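Notes for the one structure printed next.
Numbering (the numbering used here), first residue to last: 367 to 483.
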C-alpha cells in the first residue's frame, strides 16, 4: 500500500445525554474513558491509532445517527463481554466471509462487531 498522510482514525458517536453514554460505553469497554479532551467529549483508544469518541451532538437532531464497526479477533468472546456487562447485543450472524453482532447505545447509535473469517 502506498504511503499516505493519515495518522489515525476517530469514530465520532453523537449523543444527547453525555453522562448516560459514558456510563454505557464504559460498561462494555471495561474502563472509563482514556481521555476527556473537552466538555461533553470522551475518548476510548481501542487499538493503536484508532479510537471511539462520544460527544454531545452540536445539533440534537444528529444524536443517535452514527455507526461504527469494530473488528474483533473473536466475536463470541466480545458478545459474552457485552452480555456480562449487562449490555444487550444481537445474535451473531454468520455471512460466510464475516461474522457480526451489533448493539445500540442509549442515543440509538449502532456499534457493530465484525470478525473476519
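Positions of the beta carbon are idealized from the N, C-alpha and C atoms, including for glycine. All figures in this text were calculated on a predicted structure; none of them were measured in a lab.
Reduced DSSP secondary structure (H/G/I, E/B, other) of residue i
i, result
"residue 472", "coil"
"residue 385", "helix"
"residue 458", "coil"
"residue 482", "strand"
"residue 442", "helix"
"residue 426", "helix"
"residue 451", "coil"
"residue 393", "helix"
"residue 373", "coil"
"residue 421", "strand"
"residue 404", "strand"
"residue 409", "strand"
"residue 398", "coil"
CB contact flag (residue i, residue j, <8 angstroms)
i, j, result
"residue 436", "residue 469", "no"
"residue 441", "residue 479", "yes"
"residue 467", "residue 445", "yes"
"residue 381", "residue 420", "yes"
"residue 430", "residue 473", "yes"
"residue 451", "residue 398", "no"
"residue 376", "residue 408", "no"
Buried or exposed (CB count within 10 angstroms, at least 16 for buried), residue i
i, result
"residue 471", "buried"
"residue 426", "exposed"
"residue 455", "buried"
"residue 379", "buried"
"residue 465", "buried"
"residue 416", "exposed"
"residue 475", "buried"
"residue 413", "exposed"
Residue i beta carbon near the ligand MN (any heavy atom closer than 7 angstroms)
i, result
"residue 403", "Only the bare structure without any ligand can be found here, which leaves the ligand MN out of the picture."
Presumed contact (8 angstroms Cβ cut-off) between residue i and residue j, rounded CB distance
i, j, result
"residue 384", "residue 422", "5 angstroms"
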